[in-house]
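*Asks:* Got a structure for you, written out below as structure tokens; questions coming shortly.
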Amino acid sequence: MLQRILSGLVVAIATTLSASAQDLPKVQFKVIGLNGPTPASIVDEIPFWRKTIPEASKGAITADITPLDQMGVDDKTMLRLLKLGVMDFAGMDVSKMAGDDPRFEACDLAGLTLTPDKAREACNAYRDVIDKQMQKNWGAKLLAFGGNSPQVFWCRDVINGLEGLKGKKVRVFNNTMRDFLGGVGATAVSMAFAEVVPALNNGVVDCAVTGSLSGNTAGWNEVAKSIYPMSLGWSINVLAVNLDRWNKLDPKVREFLVEQTKAYEDKMWATVKKITAEADNCNTNKQPCTMGKLAQTTIVPVKPEEKEIHKKLVEGAVLAGWAKRCGAACAKEWNETVGKVLGLKAPTP
924 MLQRILSGLV VAIATTLSAS AQDLPKVQFK VIGLNGPTPA SIVDEIPFWR
974 KTIPEASKGA ITADITPLDQ MGVDDKTMLR LLKLGVMDFA GMDVSKMAGD
1024 DPRFEACDLA GLTLTPDKAR EACNAYRDVI DKQMQKNWGA KLLAFGGNSP
1074 QVFWCRDVIN GLEGLKGKKV RVFNNTMRDF LGGVGATAVS MAFAEVVPAL
1124 NNGVVDCAVT GSLSGNTAGW NEVAKSIYPM SLGWSINVLA VNLDRWNKLD
1174 PKVREFLVEQ TKAYEDKMWA TVKKITAEAD NCNTNKQPCT MGKLAQTTIV
1224 PVKPEEKEIH KKLVEGAVLA GWAKRCGAAC AKEWNETVGK VLGLKAPTP
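Under the working numbering, the residue at position 223 of the sequence shown is numbered 1146, and the numbers go up by one with no gaps.
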């Protein structure tokens, strides 16, 4: 008798789950995603929209996703375009939105965290702040955080560590990296990801900052002779949705997407750990290298004394520069969230 009851429950649960997926109304989304050559796009984002979502919804929910570089979209405008409803969902490097609101770079200040787990912990502590700002000022809702491999220096010549950056022109993509470079005597140059290879090749910049594996998959090894692996963050990605579009969705669709994006976030952070572990192998022609391209590039080690300088720059120039841009109330909010979990304190100017 008990076995028949249990068997009946299993069948009922399976039927319910099957019915819930089949009961979803058909809906098509337009998505503009991250830069196409990056592992975050290749490994996680494209498969999520083109395979995971249609399969999990039994074909009810589909998406037309195009990476932003293929659309010719400026990274810094992604949140504005999402607010206008140009797309339903957007994947974006949130720090590139900091020109509109310094809070968007607050959980990934240059050099702030040195492991994927700490990066995730810092951004989780700040999740409600980011979501609140997006909803209040940008008509958007935050659904997930992700990241990339550590943001490191790719240089057209073999440099002599931190000292070798002095006087160099270095491509960056956010304000907090400018604060850091100001502290080492380098000149920061803003430049889109897609423009870096020709810029390095032609000497427009001497070095450029991007992920230790993102540069690899985008072909930077062909124009860079060395990598200096001093970390300037994780290029934190967010998945956000236009709030009007979200609120008009069938509640069952919203529930389905919340569940799927939670799993997507876990997968993105698992990928960050894997690509971080493999990057050096790929860049120095060693195995295992399953997520990048085998290349031969000199890795210039970070000396112990340079790690101390890095720490002082983060706790000094980086935190002070960001706090000045964001203001006293914002810095206090940071101290109660990100600062609390990392044991750091931003000045409240």
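Yeah, the Cβ is synthetic: ideal placement off N, Cα and C, and Gly gets one too.
Note that the structure is predicted; figures quoted are calculated from it, not measured.
Please return the same chain residues whose Cβ sits closer than 8 angstroms to the Cβ of G1008, not counting the five positions on each side in sequence.
*Replies:* Excluding residues within five positions, the ones whose Cβ falls inside 8 angstroms are N1165, D1167 and R1168.
*Asks:* If you count every other CB in all the chains shown that lies within 10 Å of the CB of P960, and 16 or more means buried, which is it?
*Replies:* Buried is the call here.
*Asks:* For M1001, which residues from the same chain have a beta carbon less than 6 angstroms from its beta carbon, with the 5 sequence-adjacent residues on both sides left out?
*Replies:* Around M1001: A1013 and M1015.
*Asks:* Hey, A1045 and L1035 are a contact pair by Cβ (cut 8 angstroms); roughly how many whole angstroms apart?
*Replies:* With 8 angstroms as the limit, A1045 and L1035 qualify as a contact, their Cβ atoms being about 7 angstroms apart.
*Asks:* Whether or not the stretch 1044-1061 and the stretch 1026-1034 are in contact is what I'm after, with contact meaning three or more pairs of Cβ atoms, one per stretch, closer than 8 angstroms; do they touch?
*Replies:* Contact holds: three or more Cβ-Cβ distances are below 8 angstroms.
*Asks:* Inspect the beta-carbon positions of L1065 and D1054 and report whether they are closer than 8 angstroms.
*Replies:* Yes, they are a contact pair.
*Asks:* Between which two residues does the alpha helix (DSSP H) containing A1045 stretch?
*Replies:* From DSSP, the alpha helix (DSSP H) with A1045 extends over P1039 to W1061.
*Asks:* Give the list of continuous beta strand (DSSP E) stretches no shorter than 3 residues that lie fully inside the stretch 973-1034.
*Replies:* Listed in chain order, they are 984-990 and 1012-1016.
*Asks:* In the DSSP assignment, find the alpha helix (DSSP H) that holds W1169 and state where it starts and stops.
*Replies:* L1166 to K1171 is the extent of the alpha helix (DSSP H) around W1169.
*Asks:* Using the DSSP secondary-structure output, state which residues sit across from F952 in a beta bridge.
*Replies:* The partner list for F952 (beta bridge, DSSP) reads A986.
*Asks:* Taking DSSP as the reference, what is the three-state secondary structure of T1213?
*Replies:* In the structure shown, T1213 sits in coil (DSSP, three-state: anything other than H, G, I, E or B).
*Asks:* Based on the DSSP output, what are the partners of V1132 in its beta bridges?
*Replies:* In DSSP, V1132 forms a bridge with F1076.
*Asks:* Measuring straight from C-alpha to C-alpha, what distance separates R1094 and F971?
*Replies:* When rounded, the distance between both Cα atoms is 30 angstroms.
*Asks:* By the three-class DSSP mapping on this structure, what secondary structure does E1201 have?
*Replies:* Helix.
*Asks:* Within the chosen definition, does the stretch 1213-1222 reach the stretch 984-1003 through at least 3 CB pairs nearer than 8 angstroms?
*Replies:* Touching, no.
*Asks:* Using the three-state DSSP reduction, which class does I1159 fall into: helix, strand or coil?
*Replies:* If DSSP states are grouped into helix, strand and coil, I1159 belongs with coil.
*Asks:* Thinking just about the alpha-carbon of each residue, which of N1139, G1134, K1171 and A1147 is nearest to the one in V1128?
*Replies:* The option with the nearest alpha carbon to V1128 is A1147.
*Asks:* Excluding the 5 residues preceding and the 5 following N1204 in the sequence, name in chain order all residues of the same chain whose CB lies nearer than 7 angstroms to its CB.
*Replies:* These residues qualify, in order along the chain: Q1210, P1211 and C1212.
*Asks:* Let me check understanding here. Comparing Cα to Cα, which of E1238, E1259 and E1201 lies closest to N1071?
*Replies:* Of the listed residues, the one whose Cα sits closest to N1071 is E1201.
*Asks:* DSSP puts L1180 in a beta bridge; with which residues?
*Replies:* L1180 is not bridged to any residue.
*Asks:* Skipping 5 residues on each side, what residues in its chain have a beta carbon closer than 6 angstroms to that of P1270?
*Replies:* Contacts found: A1243 and A1246.
*Asks:* Please report the distance separating the alpha-carbon of K1268 from that of G1262.
*Replies:* Cα to Cα, K1268 sits roughly 6 angstroms from G1262.
*Asks:* At a cut of 8 angstroms, does the stretch 1130-1138 reach the stretch 1073-1083 through at least three beta carbon pairs?
*Replies:* Enough Cβ pairs lie closer than 8 angstroms, so yes.
*Asks:* What residue range does the beta strand (DSSP E) around T1110 cover?
*Replies:* T1110 -> beta strand (DSSP E) spans T1110 to S1113.
*Asks:* Among all the DSSP beta bridges, which residues are the ones paired with F1116?
*Replies:* Partner(s): none; F1116 has no beta bridge.
*Asks:* Do S1158 and T1099 come within 8 angstroms of each other at the CB atom, strictly closer than that value?
*Replies:* No, Cβ-Cβ distance for T1099 and S1158 is not below 8 angstroms.
*Asks:* Could you give the DSSP three-state label for T1221: helix, strand or coil?
*Replies:* It is a strand residue.
*Asks:* Take every Cβ of the stretch 1178-1194, pair it with every Cβ of the stretch 1111-1124, and state whether three or more of those distances are shorter than 8 angstroms.
*Replies:* The stretch 1178-1194, when compared against the stretch 1111-1124, does not touch it at the 8 angstroms Cβ threshold.
*Asks:* Can you round the beta-carbon distance between I1150 and P962 to whole angstroms, since I take them to be within the 8 angstroms contact cut?
*Replies:* Wrong, their Cβ atoms sit about 16 angstroms apart, outside the cutoff.
*Asks:* Provide the residue(s) that pair with F1068 in DSSP beta bridges, ordered along the chain.
*Replies:* In the DSSP output, where bridge partners are listed per residue, F1068 has V1161.
*Asks:* Could you give the DSSP three-state label for T1140: helix, strand or coil?
*Replies:* Of the three classes helix, strand and coil, the one that applies to T1140 here is helix, per DSSP.
*Asks:* Are the CB atoms of P1025 and D1173 nearer to each other than 8 angstroms?
*Replies:* Cβ atoms of P1025 and D1173: not closer than 8 angstroms.
*Asks:* Quick one: what's R1094 bridged to in DSSP?
*Replies:* The partner list for R1094 (beta bridge, DSSP) reads V1112 and A1131.
*Asks:* What's the gap between the Cα of K1092 and the Cα of A1109?
*Replies:* In a straight line, the C-alpha of K1092 is about 6 angstroms away from that of A1109.
*Asks:* Which residues mark the beginning and the end of the alpha helix (DSSP H) in which F1232 is found?
*Replies:* Looking at the sequence provided, one finds Ile at residue 1232 rather than Phe. Taken as a continuous stretch (DSSP letters only), the alpha helix (DSSP H) holding I1232 covers P1227 to L1236.
*Asks:* For S964, name the three-state secondary structure that DSSP assigns.
*Replies:* Correct three-state label for S964: helix.
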